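*Asks:* From first to last, the protein sequence lines stand for chains Z and W. If you count the first sequence from 1, you need to add 493 to reach our numbering. If you count the second sequence from 1, you need to add 493 to reach our numbering. We treat Cβ as the ideally placed atom computed from N, Cα and C, and that holds for glycine. Because the structure is a prediction, the values reported are computed rather than measured. Below you'll find the structure I mean.
2 protein chains.
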Amino acid sequence: MPQTDDLSEDRGRPTVEDTVLGELIGYRLKRAYMQIQPEAQRVLAEDDLRVVSFSCLSIIADNAGIVQSELADALQMERSNLVVIIDELEQRGLVTRKKVPTDRRRYALTATLRGRRLRDRAADKVRTAEDQIIGRLDDKDRAHLMAVLERLEAKTR
Amino acid sequence: MPQTDDLSEDRGRPTVEDTVLGELIGYRLKRAYMQIQPEAQRVLAEDDLRVVSFSCLSIIADNAGIVQSELADALQMERSNLVVIIDELEQRGLVTRKKVPTDRRRYALTATLRGRRLRDRAADKVRTAEDQIIGRLDDKDRAHLMAVLERLEAKTR
DNA sequence: AATAATAGTTATTGACTATAACTATTATCC
DNA sequence: GGATAATAGTTATAGTCAATAACTATTATT
């Protein structure tokens, strides 16, 4: 027999009814994301990285010579907002910007050794942080989740 | 035989390598969310609702008499940011605020008939918009996704 | 050669979130 | 029972972030 007959309450926190929001995928996605994001932000901040700068650094590390427009496309952000981020990564010696000889409008971005090492280290920390949150998901559920999310992304194009 | 031998390109859009981000759940969640959110925003704007005001209206409609602090808890937002949102819902005649006699610090929030009708209509539009994006997911994948997302949410508490 | 489009940049704006400080009211603890 | 804590709502403000427009330099188009 439970300690209380009233299952609508859980140790003083009354259950709030919800007939609509919980069935919306956007709502569920946002709330799940909000569980993960602050932790990712926190571990990245230890290396003075924001989530967005880590994302940039990571894509640059995987694509030596990528130019800013392509990076902006890949990360679905405005190229104007990229500028200061790349500025900072460059000043910290994590990436280099050099003119493309065949098209002098463009700058080729390349991660330095330091940049690649930081990326790898930061990625490990983010993975660890994520694993602590999603730990209870077994490998099958996790793989299924990732696959479905990837399909959701691909929907528009 | 494919039209082109080079599968790394898809009609002029070069594939960007990614060895790290795509394996991160936070990254995938955000990108999936970003597919849905603008559409939800768009259809709600037709009824002069923001996503957050729709969320408030919906929870109030499901919980007649809920007070602002409880609502803020349920939606994981700051109660200070709730004030102007409730102000507007009240001015539009969608919810009422009335003093709780037993605790005069609190205001009981209740959705009006108009508020409930608008909530129902807006929810239908959001569901329709979501269905167009996730249309290709079958019922099984959809149910699995929702269940896993719900478990992710519950992890911290 | 004239005109378009593209890449990068700068500056600015609006939206949203978080924080601190305040008032009124209720709960708590000697 | 009275001093002190905590809570609910509110206001104002500051920081973060994404979106936009305007500009220069360079390349592509016609």
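Within 9 Å of any Cβ in chain W, is that where the Cβ of arginine 607 (chain Z) sits?
*Replies:* No, its Cβ sits nowhere closer than 9 Å to a Cβ of chain W.
*Asks:* Give a yes or no on whether the minimum CB-CB distance between serine 501 (chain W) and chain Z is below 9 Å.
*Replies:* Unreliable positioning characterises serine 501 (chain W) in this predicted model, as indicated by a pLDDT of 40, which lies under 50. A coordinate reading is not provided.
*Asks:* If we count the other Cβ atoms within 10 Å of its Cβ and call it buried at 16 or more, is aspartate 555 (chain Z) buried or exposed?
*Replies:* So aspartate 555 (chain Z) counts as buried.
*Asks:* Could you tell me whether the Cβ of glycine 558 (chain W) comes closer than 9 Å to any Cβ of chain Z?
*Replies:* No, glycine 558 (chain W) lies away from the interface with chain Z (no Cβ there is under 9 Å from its Cβ).
*Asks:* Inspect the beta-carbon positions of threonine 603 (chain W) and lysine 591 (chain W) and report whether they are closer than 9 Å.
*Replies:* Against a cut-off of 9 Å, the Cβ pair of lysine 591 (chain W) and threonine 603 (chain W) comes out as a contact.
*Asks:* My output table needs one value for arginine 598 (chain Z): the three-state DSSP class, helix, strand or coil.
*Replies:* If DSSP states are grouped into helix, strand and coil, arginine 598 (chain Z) belongs with the strands.
*Asks:* Taking the straight line between their C-alpha atoms, what separation do you get for isoleucine 553 (chain W) and alanine 557 (chain Z)?
*Replies:* In a straight line, the C-alpha of isoleucine 553 (chain W) is about 52 Å away from that of alanine 557 (chain Z).
*Asks:* Can you list, in chain order, the residues of its chain with a C-beta nearer than 7 Å to that of alanine 601 (chain W)? Leave out the 5 residues immediately preceding and following it.
*Replies:* Contacts found: Gly558, Val560, Lys591, Val593.
*Asks:* Which two residues bound the contiguous alpha helix (DSSP H) that contains threonine 621 (chain W)?
*Replies:* Note, threonine 621 (chain W): alpha helix (DSSP H), 606-627.
*Asks:* From arginine 650 (chain W) to aspartate 617 (chain Z), what distance separates their C-alpha atoms?
*Replies:* The predicted model places arginine 650 (chain W) with a pLDDT of 41, which falls under 50 and marks its position as unreliable, so this point remains unresolved.
*Asks:* Flag this pair as yes or no: are the beta carbons of arginine 607 (chain Z) and leucine 630 (chain Z) separated by less than 9 Å?
*Replies:* No, Cβ-Cβ distance for arginine 607 (chain Z) and leucine 630 (chain Z) is not below 9 Å.
*Asks:* Any contact between the region 523-532 of chain W and the region 521-530 of chain Z? By contact I mean 3 or more CB pairs, one from each, below 8 Å.
*Replies:* Enough Cβ pairs lie closer than 8 Å, so yes.
*Asks:* Taking C-beta to C-beta, are glutamate 623 (chain W) and glutamate 532 (chain W) nearer than 9 Å?
*Replies:* In contact: glutamate 623 (chain W) and glutamate 532 (chain W) (Cβ atoms closer than 9 Å).
*Asks:* Chain W beta carbons: is any one of them nearer than 9 Å to that of arginine 514 (chain Z)?
*Replies:* Residue 514 (chain Z) is actually leucine in this sequence, not arginine. Answer yes: the Cβ-Cβ gap between leucine 514 (chain Z) and chain W drops below 9 Å somewhere.
*Asks:* What residues from chain Z crowd round glutamate 646 (chain W), counting only those whose CB sits closer than 8 Å?
*Replies:* Chain Z residues near glutamate 646 (chain W): Arg521, Arg524, Ala525, Gln528.
*Asks:* So is valine 509 (chain W) in contact with chain Z if we call contact Cβ pairs under 9 Å?
*Replies:* Valine 509 (chain W) counts as touching chain Z.
*Asks:* Going by DSSP, what residue range makes up the beta strand (DSSP E) through arginine 590 (chain W)?
*Replies:* Here the beta strand (DSSP E) through arginine 590 (chain W) covers 588-593.
*Asks:* Helix, strand or coil, according to DSSP, for valine 560 (chain Z) in the structure here?
*Replies:* In this structure, valine 560 (chain Z) counts as strand in the three-state DSSP scheme.
*Asks:* Would you call the CB atoms of valine 544 (chain W) and glycine 519 (chain Z) closer than 9 Å?
*Replies:* It is a contact, given that the beta carbons lie within the stated cut-off.
*Asks:* Assuming leucine 537 (chain Z) contacts cysteine 549 (chain Z) (C-beta within less than 8 Å), just tell me the rounded distance between them.
*Replies:* Not really, about 12 Å apart at Cβ, beyond 8 Å.
*Asks:* Just to make sure I have the definition right: I need the residues of chain W whose C-beta is within less than 9 Å of the C-beta of aspartate 632 (chain Z). Which are they?
*Replies:* The contacting residues do not exist; aspartate 632 (chain Z) stays about 13 Å from chain W at best.
*Asks:* With which residues is threonine 603 (chain Z) paired in a DSSP beta bridge?
*Replies:* Answer is Z:Thr589, bridged to threonine 603 (chain Z).
*Asks:* I need the straight-line Cα distance from glutamine 534 (chain W) to aspartate 580 (chain Z), nearest angstrom please.
*Replies:* Distance between the alpha carbons of glutamine 534 (chain W) and aspartate 580 (chain Z) is about 33 Å.
*Asks:* Less than 9 Å between CB atoms is the rule here; does valine 588 (chain Z) satisfy it with respect to chain W?
*Replies:* It does not; no Cβ of chain W falls within 9 Å.
*Asks:* Using a beta-carbon distance below 9 Å, is glutamate 581 (chain Z) in contact with chain W?
*Replies:* Judged by the 9 Å Cβ criterion, glutamate 581 (chain Z) is not in contact with chain W.
*Asks:* Counting only Cβ pairs nearer than 9 Å, list the residues of chain Z close to glutamate 571 (chain W).
*Replies:* Going along chain Z, no residue has its Cβ under 9 Å from glutamate 571 (chain W), so there is no contact; the nearest lies around 14 Å.
*Asks:* Quick one: what does DSSP say arginine 543 (chain Z) is sitting in, helix, strand or coil?
*Replies:* In the structure shown, arginine 543 (chain Z) sits in coil (DSSP, three-state: anything other than H, G, I, E or B).
*Asks:* How about isoleucine 626 (chain W) and arginine 635 (chain W): are their beta carbons less than 9 Å apart?
*Replies:* It is not a contact, given that the beta carbons lie outside the stated cut-off.
*Asks:* At the level of alpha carbons, what is the spacing between leucine 542 (chain Z) and aspartate 596 (chain W)?
*Replies:* Computed Cα separation, rounded: 46 Å.
*Asks:* At 9 Å on the CB atoms, spell out the chain W contacts of serine 546 (chain Z), in chain order.
*Replies:* What serine 546 (chain Z) touches in chain W: nothing, since even the nearest Cβ is about 13 Å away.
*Asks:* At a Cβ threshold of 9 Å, is leucine 542 (chain Z) touching chain W?
*Replies:* So, not an interface residue.
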